[in-house]
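Chemist: Okay, so the first sequence: first residue is 4 according to this note's numbering, each after it adds one. Backbone N, C-alpha and C define an ideal beta-carbon position, used for all residues, glycine too. Could you have a look at this structure, given as structure tokens, before my questions?
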Amino acid sequence: MRYSEFGLTTLKEVPAEAEIVSHQLMLRAGLIRRLASGLFTWMPLGLRVLRRVEAVVREEMDRAGALELLMPAVQPAELWQETGRWEQYGPLLLRMIDRHQREFCFGPTHEEVITDIARRELRSYKQLPVNFYQIQTKFRDEIRPRFGVMRSREFIMKDAYSFDIDAEGLEASYQKMHVAYTAIFTRLGLKFRIVWADSGDIGGSKSQEFHVLADSGEDAIAYSDADDYASNIETAATQVPDGDRPIAAQELSKVETPGARTIESLCELLKISARQTLKTLIVEGTDGPVALALRGDHELNAVKAQKIAGVASPLKMADADTVSKVTGCEPGFAGPIGLDIPVFYDHATATMADFICGANAVDMHFTGTNFGRDLDAAETVDIRNVVAGDPVPGGKGTLSIARGIEVGHIFQLGDKYSRAMNATVQDSDGNDRALSMGCYGIGITRIVAAAIEQNHDDRGIIWPAPLAPFDVVLVPINMHRSDTVREAAESLYQELQDQGLEVLFDDRDVRPGVKFADAELIGIPHRLVVSERNLAADELEYRHRRDEDSRVLKRDAILNLLQKSSINY
RNA sequence: CGGGGCGUAGCGCAGCCUGGUAGCGCACCACAAUGGGGUUGUGGGGGUCGGAGGUUCGAAUCCUCUCGCCCCGACCA
Numbered sequence: 004m005r006y007s008e009f010g011l012t013t014l015k016e017v018p019a020e021a022e023i024v025s026h027q028l029m030l031r032a033g034l035i036r037r038l039a040s041g042l043f044t045w046m047p048l049g050l051r052v053l054r055r056v057e058a059v060v061r062e063e064m065d066r067a068g069a070l071e072l073l074m075p076a077v078q079p080a081e082l083w084q085e086t087g088r089w090e091q092y093g094p095l096l097l098r099m100i101d102r103h104q105r106e107f108c109f110g111p112t113h114e115e116v117i118t119d120i121a122r123r124e125l126r127s128y129k130q131l132p133v134n135f136y137q138i139q140t141k142f143r144d145e146i147r148p149r150f151g152v153m154r155s156r157e158f159i160m161k162d163a164y165s166f167d168i169d170a171e172g173l174e175a176s177y178q179k180m181h182v183a184y185t186a187i188f189t190r191l192g193l194k195f196r197i198v199w200a201d202s203g204d205i206g207g208s209k210s211q212e213f214h215v216l217a218d219s220g221e222d223a224i225a226y227s228d229a230d231d232y233a234s235n236i237e238t239a240a241t242q243v244p245d246g247d248r249p250i251a252a253q254e255l256s257k258v259e260t261p262g263a264r265t266i267e268s269l270c271e272l273l274k275i276s277a278r279q280t281l282k283t284l285i286v287e288g289t290d291g292p293v294a295l296a297l298r299g300d301h302e303l304n305a306v307k308a309q310k311i312a313g314v315a316s317p318l319k320m321a322d323a324d325t326v327s328k329v330t331g332c333e334p335g336f337a338g339p340i341g342l343d344i345p346v347f348y349d350h351a352t353a354t355m356a357d358f359i360c361g362a363n364a365v366d367m368h369f370t371g372t373n374f375g376r377d378l379d380a381a382e383t384v385d386i387r388n389v390v391a392g393d394p395v396p397g398g399k400g401t402l403s404i405a406r407g408i409e410v411g412h413i414f415q416l417g418d419k420y421s422r423a424m425n426a427t428v429q430d431s432d433g434n435d436r437a438l439s440m441g442c443y444g445i446g447i448t449r450i451v452a453a454a455i456e457q458n459h460d461d462r463g464i465i466w467p468a469p470l471a472p473f474d475v476v477l478v479p480i481n482m483h484r485s486d487t488v489r490e491a492a493e494s495l496y497q498e499l500q501d502q503g504l505e506v507l508f509d510d511r512d513v514r515p516g517v518k519f520a521d522a523e524l525i526g527i528p529h530r531l532v533v534s535e536r537n538l539a540a541d542e543l544e545y546r547h548r549r550d551e552d553s554r555v556l557k558r559d560a561i562l563n564l565l566q567k568s569s570i571n572y
């Protein structure tokens, strides 16, 4: 591709809308342009990268025996009503009405459609196992699209759905995808981690996420420093702490704490550590409001809390009126003593003694609170986020916390959808059995952003070889004044292409500095500089995007170096 | 949706408080010089100041409404 014919415009300045580095670089390098909130056009350069991601995903899915198909992006409401998700999915689902007043949605995922296919096509266990996949545009009307294509509303996803006769079959299909996903992210040159996860709205039991590690990641991952345990913080379990509860040493006493509505201000006022406090959160329950009590320095984990019997799911904080009604005071001073609603205590409270908590009275807290004496010592539950240093659940060592970008997710759905939609096949005994399903997603568009988060420097993007929009950038110096350079560059351009390489030939009549800067911004792995001074000795200058300095090599040596088969780094 | 902020040339911004002929840098076009790290000079094109209504002799500026976007919280590939 000749640069002069490629229509690429790069930006020197950072657009104000871009906050994280991948978004900034994607805009600056001309990969994407924004149309509206959460909607992006993939420009020619960006599309090349996208196609390369898709190619790797396709190859590995095909290798794993999955069958590609393409389902409609628009789906009829009836299908979603069968599984109850038409109501459940809420405003995330973009709904529309056709000219006949029929309701449709723009698919955010395709369990219903594929299950409909399965129920029509699959009759016998002999047709199993089967795994269908597609690479397709999805739409989720996200509450807050942000970070460019990282969390956009429209995005491209590879989604796959496996069908088996029973749980063992599902487990095998699931493991195949586990292997395929590992191969995909490895090939893409990404540093990733596989973590245990919550299956969320999609439903099902076993579920793992593939996270690209990056500080800008939206998810927190807890991992062991001693074994291979890793989990999304949403599901990482905490344990009842070892040891007995210390004996009460202080008397219960009510103290004035004017304006101390937060743990932070309370600690500042009383000159204490948050570990010595107990916070009481009033949330909606299945049968009236309930309270959740945590150590002051701990964070509530909504995913865990909403699974507790009696707590409303999804978790919702009680409004101020409800808080006033149950505590008899304004929000900010709630405490378990004298509270007339169910209270769920976090495990970590099991070893707390002589702690400070709200007194259910404005500007008042209790100090020296103790279980057994001031409060009933209750059973504890797991409702907090793990923190660095917590013991590894069921494993060795302690947990560390890292941030990750979720690029893949595999689930064992079981028969949730097949039952709801009556998708059955006959087993070898002639009995109808609900299909055992798995579903497997990869965020194609998000991978591009994640790769940049992990591979860039202050000059721009550094593409891992399999993702690069071009393999080589050819930079002639003063080509428009030197026939020698022009001829050499043109013939090199042809030869490199003949070797099967994707070459970006920077034939613009601009100063070398401009070409270098653009080449580095758009992150092409291999750079060849053609100049009069090196040509005289039949030499060229070569530099990999990751190299500190360039090397001057004989022309033949470079052509040899850039064999299609050997440039995968 | 709640809270905060911003809409002025393709991009980044100033001007608004205190109303009086719409500016700067980058990018773009032309010419010249330069010619291995975003070079320099001269000239030029490009704006219904997000939109509507109001106040005023006069509105980018003040008022009301509205639309869009960004950031902080609850969602997910």
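Looking only at its chain, what residues have a beta carbon closer than 7 Å to the beta carbon of M482, apart from the 5 residues adjacent to it on each side?
Modeler: As a position in the first sequence, residue 482 is number 479, starting the count at 1. Contacts found: V488, R489, A492 and D510.
Chemist: Under the DSSP definition of a beta bridge, which residues are partnered with W45?
Modeler: Stepping through the first sequence from its first residue, residue 45 is reached at position 42. In DSSP, W45 forms a bridge with I35.
Chemist: If I measure Cβ to Cβ from F3 and keep anything under 6 Å in the same chain, skipping five residues before and after, which residues do I get?
Modeler: No answer is possible for residue 3: it lies beyond the span of the chain, which begins at 4 and ends at 572.
Chemist: Distance, Cα to Cα, M355 vs R449?
Modeler: Looking up residue 355 in the first sequence gives position 352. Looking up residue 449 in the first sequence gives position 446. Cα-Cα distance, rounded: 43 Å.
Chemist: Across the segment 218-234 and the segment 323-333, are there enough close Cβ pairs to call them in contact, namely three or more that are closer than 8 Å?
Modeler: Touching, no.
Chemist: So the beta strand (DSSP E) L531 belongs to, where does it begin and stop?
Modeler: Here residue 531 refers to the residue found at position 528 when the first sequence is read from its first residue. Start and end: H529 to V533.
Chemist: From the DSSP output, which residues share a beta bridge with G407?
Modeler: On the first sequence, residue 407 is found 404 positions in, with the first residue counted as 1. G407 pairs with L216 and D222.
Chemist: If distances are taken between C-alpha atoms only, which option among V243, R54, R31 and W83 comes closest to L470?
Modeler: As a position in the first sequence, residue 470 is number 467, starting the count at 1. Closest by alpha carbon: R54.
Chemist: Find the nearest neighbour of A39 within the set I340, I100 and V152, judged by alpha-carbon distance.
Modeler: Along the first sequence, one-based indexing puts residue 39 at 36. Cα-wise, what sits closest to A39 is V152.
Chemist: When you compare the CB positions of E456 and S25, do they come within less than 9 Å of one another, or not?
Modeler: Position 453 of the first sequence, counted from the start, is the residue given in the question as residue 456. Position 22 of the first sequence, counted from the start, is the residue given in the question as residue 25. A contact, by the Cβ cut-off of 9 Å.
Chemist: Given that a residue counts as buried once 16 or more other Cβ atoms are within 10 Å of its Cβ, and exposed if not, what is V476?
Modeler: For this step, residue 476 is matched to residue 473 along the first sequence. That one is buried.
Chemist: Which ranges would you report for the alpha helix (DSSP H) in the segment 271-300 if only whole runs of at least 4 residues count?
Modeler: Listed in chain order, there is nothing to give.
Chemist: Under three-state DSSP, which class holds T370?
Modeler: For the purposes of this step, residue 370 is taken as residue 367 along the first sequence, with counting starting at 1. If DSSP states are grouped into helix, strand and coil, T370 belongs with the strands.
Chemist: Would you mind stating whether I159 and I447 have Cβ atoms separated by less than 9 Å?
Modeler: Residue mapping note: residue 159 aligns to position 156 of the first sequence, counting from 1. Residue mapping note: residue 447 aligns to position 444 of the first sequence, counting from 1. In contact: I159 and I447 (Cβ atoms closer than 9 Å).
Chemist: If you follow the alpha helix (DSSP H) that L562 is part of, which residue opens it and which one closes it?
Modeler: By one-based count along the first sequence, residue 562 stands at place 559. R558 to L564 is the extent of the alpha helix (DSSP H) around L562.
Chemist: Quick one: what's got a C-beta closer than 6 Å to G444's C-beta in the same chain, skipping five residues either side?
Modeler: If you number the first sequence from 1, residue 444 lands on position 441. Closer than 6 Å at Cβ, skipping near neighbours: M160, D162 and H412.
Chemist: Using a threshold of 9 Å, state whether the C-beta atoms of K400 and A229 are closer than that.
Modeler: As a working mapping, residue 400 is identified with position 397 in the first sequence. As a working mapping, residue 229 is identified with position 226 in the first sequence. Checking the displayed sequence, the identity of residue 400 turns out to be Gly instead of Lys. Yes; because the gap between Cβ atoms is below 9 Å, this pair is in contact.
Chemist: In whole angstroms, what is the alpha-carbon distance linking F414 and E174?
Modeler: One-based indexing of the first sequence puts residue 414 at position 411. One-based indexing of the first sequence puts residue 174 at position 171. The straight-line gap from Cα to Cα measures roughly 10 Å.
Chemist: What does T383 pair with, by DSSP beta-bridge criteria?
Modeler: The count along the first sequence starts at 1 and reaches residue 383 at position 380. DSSP, once it has assigned bridges, lists Y348 as partnering T383.
Chemist: Terminal residues of the continuous alpha helix (DSSP H) containing H547?
Modeler: Translated into positions along the first sequence, residue 547 becomes position 544. It is not in any alpha helix (DSSP H) - H547 instead sits in the beta strand (DSSP E) that spans E542 to H547.
Chemist: Can M180 and Q137 be called in contact, C-beta distance under 9 Å?
Modeler: Reading the first sequence from its first residue, position 177 is the one you call residue 180. Reading the first sequence from its first residue, position 134 is the one you call residue 137. Cβ distance not < 9 Å, so M180 and Q137 don't count as in contact.
Chemist: Going by DSSP in three states, Y177 sits in which element: helix, strand or coil?
Modeler: Here residue 177 refers to the residue found at position 174 when the first sequence is read from its first residue. Helix, per DSSP.
Chemist: Three Cβ pairs or more, each shorter than 8 Å: is that satisfied between the segment 58-65 and the segment 83-100?
Modeler: Cβ pair count under 8 Å is below three, so no.
Chemist: If you count every other CB in all the chains shown that lies within 10 Å of the CB of T280, and 16 or more means buried, which is it?
Modeler: Position 277 of the first sequence, counted from the start, is the residue given in the question as residue 280. Under this definition T280 is a buried residue.
Chemist: Would the beta-carbon of F142 fall within 9 Å of that of G110?
Modeler: Within the first sequence, numbered from 1, the residue matching residue 142 stands at position 139. Within the first sequence, numbered from 1, the residue matching residue 110 stands at position 107. Yes, they are a contact pair.
Chemist: Using 8 Å as the threshold, is the segment 357-376 in touch with the segment 234-251, meaning 3 or more CB pairs across them?
Modeler: Counting Cβ pairs under 8 Å, three or more are found: they touch.
Chemist: Who are the Cβ neighbours of E259 in its own chain at under 8 Å, not counting the five residues just before and after it?
Modeler: Translated into positions along the first sequence, residue 259 becomes position 256. Excluding positions up to five away in sequence, the list reads D366 and M367.
Chemist: Can you tell me whether A323 is buried or exposed, with buried defined as 16 or more other CB within 10 angstroms of its CB?
Modeler: Position 320 of the first sequence, counted from the first residue, corresponds to residue 323. Burial call: exposed.
Chemist: Under a three-way DSSP split, which group does M320 fall into?
Modeler: Your numbering for residue 320 matches position 317 in the first sequence. In this structure, M320 counts as strand in the three-state DSSP scheme.
Chemist: Going by the CB atoms, is the gap between V389 and I236 shorter than 9 Å?
Modeler: Position 233 of the first sequence, counted from the start, is the residue given in the question as residue 236. Position 386 of the first sequence, counted from the start, is the residue given in the question as residue 389. Yes, the Cβ-Cβ distance between I236 and V389 is below 9 Å.
Chemist: Per DSSP, L507 is paired with what?
Modeler: For the purposes of this step, residue 507 is taken as the residue at position 504 of the first sequence. Answer is V476, bridged to L507.
Chemist: Along the chain, where does the alpha helix (DSSP H) containing D119 start, and where does it finish?
Modeler: As a position in the first sequence, residue 119 is number 116, starting the count at 1. Start and end: E114 to E124.
Chemist: If you run the structure through DSSP and keep just helix, strand and coil, what is D65?
Modeler: Start at 1 with the first residue of the first sequence, and residue 65 comes out as number 62. Helix.
Chemist: In or out: G516 buried (at least 16 other Cβ within 10 Å) or exposed?
Modeler: Against the first sequence, residue 516 aligns to sequence position 513. Under this definition G516 is an exposed residue.
Chemist: Among E85, E212, D119 and A76, which has the Cα closest to the Cα of M99?
Modeler: Stepping through the first sequence from its first residue, residue 99 is reached at position 96. Cα-wise, what sits closest to M99 is A76.
Chemist: Would you call the segment 496-504 and the segment 550-570 in contact, with 3 or more CB pairs under 8 Å?
Modeler: The segment 496-504 is in contact with the segment 550-570.
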